[in-house]
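Chemist: Chains as they are written, first to last, in numbering that gives the first Met the number 0: chain A, 0 to 332; chain B, 0 to 433. We put the beta carbon where it would ideally sit given N, CA and C, even for glycine. Quick one: the structure is below, questions incoming.
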Amino acid sequence: MPDANPRNLRNVREINRPGILFSVARVPNTACLLVASNDNKVYEVDAGQANAAPRQVVDHGRYVNAVRLAGNTLISGGYDNRLIWWNLQDNREIRTIDAHTRQVRQLAVSPDGTKLASVADDMVCRLWNIANGEPIRELRGHEERTPTNFGSMLYCCAFSNDGTKLATGDRVGRVCIWNVANGERLSTVEVPSLYTWDGTQRIRSIGGVRSLAFSPDGTQIAVGGVGQIGNVDGLSGPSRVEIHNWARRERVSDFQGNQQGLFNKLVWHPNNQWLCCVGGGNNGFILFRNTQNNTTIHQMNLPMHTHDSVFSENWETLYHVGHQKIVVQELRP
Amino acid sequence: MKLKNFCGSPEHAVSRRGFLTSLAAAAGTAAFADMSAIQVLGSPEVANDLRANQKRVIMLWLAGGASQMETFDPKPGVPTGGPFQSIATSTPGIRISELMPRMARRLKDTCIIRSLNTRNADHGSAARIMMRGRMGEPSVDYPDLGAVMAREMGLEGSQVPDYVSFYTATEGRSMSPGSAGFLGARYGSMDLTTSMVPENIRRAGVNEQDHSERAELRDQLSGMFERGRTSSSLDSHNQAYRRVSGIMANEQLFDIEREPQRIRDRYGNTLFGRQALAARRLCEAGVPFIRVGRAWWDTHAQNFESHQEMVPELDHVMSTLLDDLEERGLLRNTLVITLAEFGRTPSINSTVGRDHFASAWSTTLSGCGVRGGTVYGRSDESGNRVAEGEIGAARLFATIYRALGIPHTKNYYLGARPIPLTDPGTEPIREVLA
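Given below as structure tokens:
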């Protein structure tokens with residue numbers, strides 16, 4: 000595996016887009032991106048060119064929060080509570096499923112490409128057979144109401160690299176670890192530092208678990224979001240990650256970026272060289288953390304609040320989507 | 000200022016004013032301030048008639064600025080519309096945010112006004128405008144709506160306060176305090192900030208008998224003091240004392256634990272719900288104006304998640320309050336207002352927030368004097384401007400006054416200067432009125 004070096008990180012392209020891009024998937028071995036947008040659609044965009052015309056692929060009729068690829072199959076989910084399967088090869092819809100009773104927040108595809116996990120604000124994680132769209136099982140472990148009796152939200156999910164475990168994270172900082180094979184809840188990790196309930200000044204909350212990544216050996220889970228916020232009107236808290244040994248329910252380490260905002264995406268390098276953390280507040284930021292010695296390797300600003308990112312196969316190119324932009328970065332010398 | 004002694008003896012060297020002021024402080028109210036020197040013109044018959052109708056207002060003050068697009072003026076499908084859909088309401092053709100399904104089912108008593116352009120997007124000054132219905136001016140300290148209601152609808156000899164304001168969150172509280180302005184502190188608000196019950200309304204260990212005996216002692220001492228004296232100031236103090244005494248005797252009004260569990264459950268286990276229930280109790284007891292401040296809606300970031308959190312609570316509390324008032328026969332004489340200092344921008348910023356916006360936003364009037372199940376005014380497709388029926392704070396307040404049967408052209412007098420309730424030339428919105 001090539002040794003992409005975060006210290007070489009640099010912007011190589013910015014592509015302006017109207018609206019907000021919440022999620023991205025990449026067609027293997029290409030710079031072709033599928034981006035989920037707040038104009039209710041999923042677009043195909045060639046990020047290898049600065050001015051390529053995007054092609055509309057899917058229309059949900061509502062904000063699209065999540066898009067993932069399994070082979071030639073595109074699956075997207077959004078505020079319409081539905082999952083849409085789309086065959087990219089012949090450009091046709093495969094199926095549409097009323098998957099949840101509230102908006103779908105995020106999707107994850109198992110490493111073998113056979114299973115899809117969807118999380119939604121009905122506080123249920125559902126596992127699906129990607130090939131036929133059949134439900135496999137429901138995973139219920141997140142409370143529908145917050146401790147102060149408001150509706151909660153289930154933001155994110157991630158498979159372990161071997162595909163045997165799945166993590167889900169909610170608004171109040173709860174992370175559940177599931178056995179994918181039988182649906183058993185293996186552990187519950189509480190990360191309250193990522194949830195701010197302001198019961199004095201503003202009587203509302205902000206934050207939540209916004210990103211998850213297993214360590215390569217699957218024993219640890221990195222949990223990202225924003226730390227405690229004094230003024231919940233904005234994202235004026237430190238971007239924050241906690242790493243937990245989920246089996247022992249122990250926090251192994253934690254760190255905060257020097258920027259205020261959310262870590263919306265975590266990617267743990269398969270050789271355990273670093274953890275890449277991407278997100279944003281008023282602007283965007285990216286941080287590489289050495290997971291061996293708990294030091295920051297490199298961090299830099301991004302030109303927009305970034306909602307999602309995806310690496311190329313050789314880890315040398317990184318694609319970000321967010322507020323009105325797609326940004327391409329490279330890590331090669 | 001040299002204070003007159005109460006009885007002349009050195010050991011009782013306390014003024015009557017000081018004595019009463021101490022009592023007032025103990026009761027946690029500001030009701031002992033001087034009566035206004037303002038002369039109030041207008042026919043006593045008209046005033047008495049108005050009072051006989053006992054019109055009341057419950058204002059749900061959405062402090063910080065709730066988003067009109069996530070509540071009463073949704074714009075699904077446009078770039079600024081946000082992620083939420085609109086849903087049909089009980090009135091054909093009127094749609095509101097999907098976050099408000101309960102209000103959608105009971106829009107029959109509510110008029111939505113979607114065309115406010117109040118031209119001020121600063122929290123503090125905008126809150127002052129929207130509490131008073133007008134811009135301030137250096138030489139006149141205008142009263143807010145609560146104080147006007149206290150003045151116009153407070154009942155002679157009432158033993159309940161005339162203006163109660165719940166505002167528990169600390170953010171924004173100082174930006175929109177209740178203010179009697181030139182009407183004087185007699186019409187000021189009883190502010191409940193840290194507790195649902197006026198603090199120190201009755202000190203621990205003071206039982207009913209103690210309370211009664213203290214009142215008798217006060218009457219005796221007061222009688223001694225008044226002997227041979229007559230003044231409006233003395234009358235004012237006596238009125239104020241009777242009011243505080245009445246409030247102390249009616250402390251259970253604030254205690255929602257006296258409501259059946261099913262009623263408390265109905266309002267929900269949130270602070271806003273509990274305070275709305277307390278507001279209903281006060282309304283039922285004859286308090287003319289109650290404000291329930293629900294802060295803080297200033298969602299510069301994560302607007303949609305915050306509204307997803309807060310709007311269902313507003314929907315639940317508002318619809319429950321309207322149902323409850325209706326079932327008790329109170330809604331026809333009670334105007335329920337949702338108002339804020341402004342709304343929120345159609346544009347969505349980089350932190351998925353909406354910012355301050357006063358150019359095209361919404362308010363609602365429900366119940367007393369209002370044509371329910373209607374919409375007045377229209378914002379344009381993107382929500383950036385008023386397309387039809389633009390109004391400012393003055394017309395809104397003229398409409399509120401008319402809905403309550405208060406002539407909006409009525410003058411107060413500050414010395415010889417007439418001060419109309421609303422700016423001259425302001426007309427209420429006839430289409431909104433029943």
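Measure the C-alpha to C-alpha separation of S358 (chain B) and L87 (chain A) and round it to an integer number of angstroms.
Modeler: The alpha-carbon atoms of S358 (chain B) and L87 (chain A) are separated by roughly 44 Å.
Chemist: Between D97 (chain A) and chain B, is there a C-beta pair that is closer than 9 Å?
Modeler: So no, D97 (chain A) is outside the interface.
Chemist: Label G222 (chain B) either buried or exposed according to how many other C-beta atoms from any shown protein chain fall within 10 Å of its C-beta, with 16 as the threshold for buried.
Modeler: It is exposed - the Cβ of G222 (chain B) has fewer than 16 other Cβ atoms within 10 Å.
Chemist: Using the beta-carbon of each residue, which ones in chain A are nearer than 8 Å to T350 (chain B)?
Modeler: Ordered by position in chain A, the residues that pass the 8 Å Cβ test against T350 (chain B) are G233, L234, G260, G279, G280, N281 and H304.
Chemist: Check whether the region 395 to 406 of chain B touches the region 339 to 346 of chain B, taking contact to mean three or more Cβ pairs, one atom from each stretch, closer than 8 Å.
Modeler: Contact between the region 395 to 406 of chain B and the region 339 to 346 of chain B is absent, because fewer than three Cβ pairs lie under 8 Å.
Chemist: Ignore the nearest five residues each way along the sequence and tell me which others in A107 (chain A)'s own chain have a CB closer than 6 Å to its CB.
Modeler: For A107 (chain A), where only same-chain residues beyond five positions count, the Cβ hits under 6 Å are A116, C156, A157 and F158.
Chemist: Check the C-beta distance from G267 (chain B) over to H315 (chain B) and give it rounded, since I have them as a contact under 8 Å.
Modeler: Right, their Cβ atoms sit about 6 Å apart.
Chemist: Within the same chain, show all residues whose beta-carbon is closer than 6 Å to that of S85 (chain B), passing over the 5 residues directly before and after it, in chain order.
Modeler: Taken in chain order, the residues that qualify are P73, P75 and R94.
Chemist: Using a 10 Å radius around the Cβ and a threshold of 16 neighbouring Cβ atoms, would you call G153 (chain B) buried or exposed?
Modeler: Label assigned to G153 (chain B): buried.
Chemist: Mind listing, in chain order, the continuous alpha helix (DSSP H) runs of no fewer than 4 residues lying wholly within the region 376 to 425 of chain B?
Modeler: Here the runs fully enclosed are 392 to 402.
Chemist: Assign S252 (chain A) to buried or exposed, taking buried as 16 or more other Cβ atoms, counted over all protein chains shown, within 10 Å of its Cβ.
Modeler: Burial call: exposed.
Chemist: Under a Cβ-count criterion, where at least 16 other Cβ atoms within 10 Å of its own Cβ denotes burial, should G424 (chain B) be classed as buried or exposed?
Modeler: When all chains shown are included, G424 (chain B) counts as exposed.
Chemist: Nearest to D232 (chain A) by CA position, among B:H355, B:V431 and B:T70, is which residue?
Modeler: Of the listed residues, the one whose Cα sits closest to D232 (chain A) is B:H355.
Chemist: Determine the direct distance from the alpha carbon of P419 (chain B) to that of Q38 (chain B), and round the result to whole angstroms.
Modeler: Low per-residue confidence applies at Q38 (chain B): pLDDT is 35, beneath 50, and the placement is therefore not dependable, though the value from the model is reported in the following sentence. Computed Cα separation, rounded: 13 Å.
Chemist: Does the region 282 to 293 of chain A come within contact of the region 240 to 256 of chain A, defined as at least 3 CB pairs closer than 8 Å?
Modeler: They touch, by the three-pair rule.
Chemist: Verify the CB distance criterion: does R250 (chain A) have a CB-CB separation below 9 Å to chain B?
Modeler: So, not an interface residue.
Chemist: With G376 (chain B) and R113 (chain B) assumed to form a contact (beta carbons below 8 Å), what rounded beta-carbon distance in angstroms separates them?
Modeler: About 5 Å separates the two Cβ atoms, so the contact holds.
Chemist: Taking 9 Å as the threshold (beta carbon to beta carbon), is N383 (chain B) in contact with chain A?
Modeler: No, N383 (chain B) lies away from the interface with chain A (no Cβ there is under 9 Å from its Cβ).
Chemist: Would M152 (chain A) count as contacting chain B if we go by Cβ distances under 9 Å?
Modeler: So, interface residue.
Chemist: I'd like to know whether the C-beta atoms of V335 (chain B) and L321 (chain B) end up nearer to each other than 9 Å.
Modeler: Yes, they are a contact pair.
Chemist: Residues of chain B with CB under 9 Å from R239 (chain A), in chain order?
Modeler: Correct list: empty, because the minimum Cβ distance to chain B is about 16 Å.
Chemist: At least one CB of chain B closer than 9 Å to the CB of S204 (chain A): is that the case?
Modeler: So, interface residue.
Chemist: Just to confirm, are S349 (chain B) and Q67 (chain B) a CB contact at a threshold of 9 Å?
Modeler: Contact: no.
Chemist: Just by C-beta distance, which residues in the region 162 to 177 of chain B are closer than 8 Å to chain A?
Modeler: Against chain A - using a Cβ distance shorter than 8 Å - the residues of the region 162 to 177 of chain B are T167, A168, T169 and E170.
Chemist: Within 9 Å of any Cβ in chain A, is that where the Cβ of N116 (chain B) sits?
Modeler: Taking Cβ atoms only, chain A never reaches closer than 9 Å to N116 (chain B), which makes this a no.
Chemist: Taking only the alpha-carbon atoms, compute the straight-line gap between Q158 (chain B) and G285 (chain B) and give it to the nearest angstrom.
Modeler: C-alpha separation (whole angstroms): 9 Å.
Chemist: I need the straight-line Cα distance from I390 (chain B) to L20 (chain A), nearest angstrom please.
Modeler: Those two C-alpha atoms are separated by around 37 Å.
Chemist: Give the range of the beta strand (DSSP E) segment to which Q274 (chain B) is assigned.
Modeler: Unbroken run through Q274 (chain B) is the alpha helix (DSSP H), L270 to E283; no beta strand (DSSP E).
Chemist: Tell me G135 (chain B)'s beta-bridge partners as DSSP assigns them.
Modeler: Looking at the DSSP assignment, G135 (chain B) forms no beta bridge with any residue, so it has no partner.
Chemist: Alpha carbon to alpha carbon, how far is L329 (chain B) from V291 (chain B)?
Modeler: The straight-line gap from Cα to Cα measures roughly 18 Å.
Chemist: When the cut-off is 9 Å and only beta carbons count, does N37 (chain A) lie next to chain B?
Modeler: Yes, N37 (chain A) counts as interfacial toward chain B.
Chemist: Taking only three categories from DSSP, how would you classify A24 (chain B)?
Modeler: Bear in mind that a pLDDT of 34 at A24 (chain B), under 50, signals an unreliable position, so the number given afterwards is only what the model happens to contain. Helix at A24 (chain B).
Chemist: Which partner residues of T363 (chain B) appear in the DSSP bridge assignment?
Modeler: The partner list for T363 (chain B) (beta bridge, DSSP) reads B:I111 and B:T337.
Chemist: What does a CB cutoff of less than 6 Å around T187 (chain A) pick up in its chain, not counting 5 residues either side in sequence?
Modeler: Within the same chain, T187 (chain A) has close Cβ partners C175.
Chemist: Examine chain B for any beta-carbon lying closer than 9 Å to the beta-carbon of G182 (chain A), and answer yes or no.
Modeler: With 9 Å as the cut-off, G182 (chain A) does not count as an interface residue toward chain B.
Chemist: Can you tell me whether A23 (chain B) is buried or exposed, with buried defined as 16 or more other CB within 10 angstroms of its CB?
Modeler: Low confidence applies here, because A23 (chain B) scores a pLDDT of 37, under 50, leaving its location unreliable; read the following figure in that light. Buried, since its Cβ has 16 or more Cβ neighbours within 10 Å.
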